[in-house]
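Asks: Letter 334 of the sequence shown, counting from 1, is numbered 359 in my numbering, and no numbers are missing. Note that the Cβ used here is the ideal one computed from N, Cα and C, for glycine as well. First, the structure itself, so that you have it in front of you.
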Amino acid sequence: LVEGWGTYPFDRGTIQDIAGWITGKPWTLEQFSFGGYQAVSHADPLLPAASAAAWLYQFHRWGDLYYQSPGGDVPISVEDTRGWLRQDVNTRFPLGTRTTQALRDWLRAKYRTIAAVNAAWGASFESFDEIDPDKDQVVNRFGHLWEYTNPSNPFHDWNDAVADLDTFRTELRFRNYRDVIEQVRGEIPQAAICVRTEGANVLVGGLDPGDPNPHVRHIYYSQRRCGLIAEIIQKSGVVKRHSDYTTIPYTPRELRELIAAAVSQGVVPAYLPQFDNMRDIAINARYGTEYQVHYNLPEPRKGYLMHVLTAAYPWWQATAEAGGVPGILWEDHQCDGFATETQKRELRLFKQHWRQALADWTTVTEAATASEPASDWRRAARALPSYHITAD
């Protein structure tokens, strides 16, 4: 079985041509470029329908293989990273014209008058039309857009204007998913979103932004950079799973606490850790890059990037025992991420132990006789092989 296939990433500009090829009619969506990437505006009203066309095409082609949870959910995976908190990338992606206008409309609905906006933010805008978070932001030394690190800009980390912006971006993400999944559920009634991000994100609410643990601060502030505030996403009810290209070496204790919290809040984690090349940040007073802003620290501090080799077995054990789905980044040439021979041995050992644990568990529960969830939805899939079978 495989995870349901959505789009990668959600806003890739090619969705316009893909939807046109599938439906046989032209599509015109607002597109813009940044850093060599062609994006579609998240606020484009045609984006949900174009995405649904692609998701359903893939379901019709491969849906007989789609995984369905014991509870009945059919997770559809969509890669959707909208910002970063990392030693070399500290950005929120550009908004585009439509999304900027959608932000203005959102602010008008919340505050009613520009005077109320200015009072809340300590700003001096003459009108809603002047509000543009992308304007005069910082391009980092690698050419990434945009760093919100200029304290003279009306939008900078972590002021009230940025707090509103990140709330809006998260609510827009929820509407994106809701509008797509409603169309997909016409054929897969129990379809749910598995959002896949990069940057060691954890979709857990209720965290303390002032926690002294830098891993917790990373999670809290990365949610905001990414437009993935857990409390808002959880209320949507459409995101049931979260996968991440994880590069922070969370400890087994942290994993147990975080994953158990995520599961209790309605989202099952399914991380893909880069065990051979984790990237921890040592917060200190003397060496590294500036980190006071990124972690919203009360005093100047540096962040020292450390490449860390992490044992896989304890991570998987903590993940599984807390209710998550164990995973691994198997091979990523561009990011130096590979499953090492040691990790492959860990995988074989974990698989052996986990199978035995499941066997022991089913002997004392009713799980072995539990009824299967309804799967009539699979009938719409053509179940065509991805290869040709020829007689010898």
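Which of the three DSSP states is assigned to residue 315 in this structure?
Replies: Strand, per DSSP.
Asks: Report all residues from its chain with a CB closer than 7 Å to the CB of residue 363; omit the five preceding and five following residues, and keep chain order.
Replies: For residue 363, where only same-chain residues beyond five positions count, the Cβ hits under 7 Å are 301, 356.
Asks: Can you name the start and end residues of the alpha helix (DSSP H) that residue 247 belongs to?
Replies: Start and end: 239 to 250.
Asks: Along the chain, where does the alpha helix (DSSP H) containing residue 209 start, and where does it finish?
Replies: Unbroken alpha helix (DSSP H) run through residue 209: 185 to 209.
Asks: Once DSSP output is grouped into helix, strand and coil, what is the label at residue 277?
Replies: Reduced to three states, the DSSP call for residue 277 is helix.
Asks: By the DSSP assignment, the beta strand (DSSP E) with residue 333 in it spans what residues?
Replies: Element bounds for residue 333: 327 to 333.
Asks: With a CB to CB cut of under 6 Å and the five nearest residues on each side skipped, what residues in its chain are close to residue 371?
Replies: The residues are 337, 338.
Asks: Residue 54 and residue 71 look like a contact to me (Cβ under 8 Å); what is the Cβ gap, rounded to whole Å?
Replies: Yes, they are in contact, since the Cβ atoms of residue 54 and residue 71 sit about 5 Å apart, within 8 Å.
Asks: Taking the continuous alpha helix (DSSP H) assigned at residue 267, which residues delimit it?
Replies: Run containing residue 267: none in the alpha helix (DSSP H); it sits in the beta strand (DSSP E), 264 to 270.
Asks: What does residue 223 pair with, by DSSP beta-bridge criteria?
Replies: Residue 223 is bridged to 270.
Asks: Apply the 10 Å Cβ neighbour rule to residue 361 and answer buried if 16 or more other Cβ atoms are within range, or exposed otherwise.
Replies: Exposed, since its Cβ has fewer than 16 Cβ neighbours within 10 Å.
Asks: Residue 73 lies in the beta strand (DSSP E); which residues open and close that run?
Replies: Element bounds for residue 73: not the beta strand (DSSP E) but the alpha helix (DSSP H), 72 to 87.
Asks: Put residue 346 into one of helix, strand or coil per three-state DSSP.
Replies: Here residue 346 sits in helix by DSSP.
Asks: Whose C-alpha, out of 183, 51, 136, is nearest the C-alpha of residue 320?
Replies: Looking at the Cα atoms, 183 is the closest of the given residues.
Asks: Using beta-carbon positions only, say whether residue 175 and residue 162 come within less than 8 Å of one another.
Replies: Against a cut-off of 8 Å, the Cβ pair of residue 162 and residue 175 comes out as a contact.
Asks: Is DSSP giving residue 100 helix, strand or coil here?
Replies: Strand at residue 100.
Asks: Using a Cβ-Cβ cut-off of 6 Å (strictly less than) and excluding sequence neighbours within five positions of residue 347, which residues of its own chain qualify?
Replies: Cβ neighbours of residue 347 beyond the five flanking positions: 281, 284, 285.
Asks: Suppose you measure from the CA of residue 303 to the CA of residue 242; what does that come to, to the nearest Å?
Replies: So the two alpha carbons sit approximately 17 Å from each other.
Asks: What first and last residue would you give for the alpha helix (DSSP H) that runs through residue 305?
Replies: Note, residue 305: premise wrong, no alpha helix (DSSP H); beta strand (DSSP E) at 303 to 309.
Asks: Taking just the CA atoms, how far does residue 195 sit from residue 100?
Replies: Distance between the alpha carbons of residue 100 and residue 195: 20 Å.
Asks: Tell me whether residue 164 is buried or exposed, calling it buried when 16 or more other Cβ atoms sit within 10 Å of its Cβ.
Replies: So residue 164 counts as exposed.
Asks: Could you pull out every residue in the same chain whose Cβ sits closer than 7 Å to the Cβ of residue 191, ignoring the five residues on either side in sequence?
Replies: Cβ within range, chain order: 249, 252, 254.
Asks: I'd like to check one pair, residue 105 with residue 220: are the Cβ atoms closer than 8 Å?
Replies: Result yes, Cβ atoms of residue 220 and residue 105 sit closer than 8 Å.
Asks: What does DSSP give as the partner residue(s) for residue 139 in the beta ladder?
Replies: DSSP lists no partner for residue 139.
Asks: Return yes when the Cβ of residue 185 is within less than 8 Å of the Cβ of residue 146, no when it is not.
Replies: Cβ distance < 8 Å, so residue 146 and residue 185 count as in contact.
Asks: Could you pull the DSSP bridge partners for residue 130 from this structure?
Replies: Bridge partners of residue 130: none, in fact.
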